[in-house]
Amino acid sequence: MQSPEAICKQEFSEKLPRASIQDLGIVLMGAGYEVFLRGPCLYAFRGLAGRFAPIGVHLAMLLIMAGATLSATGSFRGSVTVPQGLNFVVGDVLNPSGFLSNPTEAFNMEIHVNRFYMDYYDSGEVSQFHSDLSLFDLNGKEVMRKTISVNDPLRYGGITIYQTDWSFSALQILKDGEGPFNLAMAPLKLNGDKKLFGTFLPIGNTDSPSVKGISMLARDFQSIILYDQEGKFVGVRRPNSNLPIEIDGTKIVILDAIGSTGLDLKTDPGVPVVYAGFGALMLTTCISYLSHAQIWALQDGTMVVVGGKTNRAKAEFPDEINRLLDCVPELVEKSKQKSSDSMSG
């Protein structure tokens, strides 16, 4: 701005009657302003990042939207329930979500469930469940092994494996000293979110239309409830206790409770993009609260005309500029300077 009238139209303006624009520039530089001086004109600014931060906020939002779109069109998801001791191939579980979904080499990996087990509260309720998983490549080499749990997934080759559920696969028993036999456990419907599993061991003539046998029920892996052919309660046994129980002339030993792990698999190329977008959004939002202040000044004879504006903290801006202007030294006229020198002499 090269005219006093234009400077006086700014949000803040002031006139210094006897001052030097060079001295004003020095004061502004000391306050953290970037100062540009050309002839009688001065321009200074501070907080340039605060001016462009809103643009960064919008770009970050676009980045989040791009990541979400990539997740919706380029990811794979799938769920599987696998008994302890069995394997599955990653690519057999994952299903594409859109036209940009592209399988990778990691889809050929085979995952083996080494062990599945659960933790319990003192009340007997399930508190956490764990899966000990091994990942094998095409050559059968174990490339990774990890025990996962809820909120502690396994990540490898862009694929994430979450622990989400569990089931009761089979009950391993001895019958009259023979076996072991694996009895498949079936889920039974209950009201609410409680789980109950059951199995049936036929006794006598299995070709009869009215087969009778021993029923076994379990809510978890801690204990098995046994009923006789008439449906009467007989007793409770813990797996691995090796304590026999005789029911209707048949001696049974509960050897083991074999669980199944419920896993969710996901590969999502949009997640890093979304995370980067949220990080940029938080950063640029904080930066956008910085004030971007601009000051113009013009040397008009012995007077300096000063004007300025800011995008934030508009109420505090005039007070700040007045404090800076008070620091600008006042020029002394030469005649007064000579008179002062003669009197002192």
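Be aware that the sequence shown starts at 1, since it is given in UniProt numbering, and climbs by one per residue.
Ideal Cβ placement from N, Cα and C applies to all residues, glycine included.
| Check | Outcome |
| --- | --- |
| Whole-angstrom C-beta distance between valine 113 and serine 131, which should lie under 8 Å | 6 Å |
| Residues near proline 153 in its chain [Cβ-Cβ closer than 8 Å; skip 5 each side] | Thr160, Ile161, Tyr162, Gln163 |
| Straight-line Cα distance separating aspartate 264 from valine 80 | 7 Å |
| Straight-line Cα distance separating alanine 49 from serine 288 | 7 Å |
| CB of asparagine 259 within 8 Å of CB of serine 149, strictly | Looking at the sequence itself, residue 259 is glycine, so the reference to asparagine does not match. Contact flag unset, no. |
| Residue nearest to tyrosine 33 in terms of C-alpha spacing, selected from Phe45, Met144, Leu226 | Phe45 |
| Start and end residues, beta strand (DSSP E) containing valine 27 | From DSSP, valine 27 is part of no beta strand (DSSP E) but of the alpha helix (DSSP H) over 21-30. |
| Beta-ladder partner(s) of serine 215, from DSSP | Phe200, Tyr227 |
| Contact set for proline 187: own chain, Cβ-Cβ below 6 Å, skip 5 residues either direction | Phe197 |
| Beta bridge counterpart(s) of threonine 261 as assigned by DSSP | Val82, Trp166 |
| Bridge-paired residues (DSSP) for residue 346 | Residue 346 lies beyond the stretch modelled for the chain, which goes from 1 to 345, so this question has no answer here. |
| Under the three-state DSSP convention, the category histidine 58 falls into | helix |
| Coarse secondary structure for arginine 18, derived from DSSP in three states | coil |
| Contact check, glycine 235 vs isoleucine 64, beta carbons under 8 Å | no |
| Candidates Ile252, Gln172, Ile203, Cys286: closest to phenylalanine 52 by CA position | Cys286 |
| For glycine 157, the three-state DSSP class (helix, strand or coil) | coil |
| Close-in-space but distant-in-sequence residues of the same chain around glutamate 330 (CB under 6 Å, 5 per side omitted) | Arg18 |
| Completely contained beta strand (DSSP E) runs for the segment 86-125, where each covers 3 or more residues | 87-89, 110-120 |
| Those residues which DSSP pairs with threonine 267 across a bridge | Phe76 |
| Sequence-distant residues of the same chain with beta carbon closer than 8 Å to methionine 61, five excluded per side | Gly277, Leu281 |
| Exposure of valine 273, with buried meaning 16 or more beta-carbon neighbours within 10 Å | buried |
| Inter-residue spacing [alpha-carbon to alpha-carbon] between aspartate 326 and alanine 293 | 18 Å |
| C-alpha distance - glutamine 22 paired with leucine 37, whole-angstrom precision | 8 Å |
| Element boundaries [beta strand (DSSP E), containing arginine 237] | 233-237 |
| Nearest-angstrom Cα separation, counted from glycine 67 out to threonine 310 | 35 Å |
| Simplified DSSP state of lysine 338, which is helix, strand or coil | Only weak support is given to the placement of lysine 338: the predicted model assigns it a pLDDT of 48, under 50, and the question is left unresolved by the model. |
| Environment of serine 75 [buried if 16+ CB atoms lie within 10 Å] | buried |
| Through-space distance from asparagine 102 to isoleucine 173, alpha-carbon basis | 46 Å |
| Valine 35 versus glutamine 299: straight-line alpha-carbon distance, rounded | 15 Å |
| Identified DSSP bridge partners for histidine 292 | DSSP, once it has assigned bridges, lists no residue as partnering histidine 292. |
| Option nearest serine 40 by Cα separation, candidates Asn242, Val305, Leu86 | Sequence check: residue 40 is proline here, not serine. Here the closest residue by C-alpha is Val305. |
| Candidates Asn182, Ser291, Ala313, Lys175: closest to isoleucine 245 by CA position | Lys175 |
| Residues that DSSP places opposite lysine 309 in a beta bridge | Gln294 |
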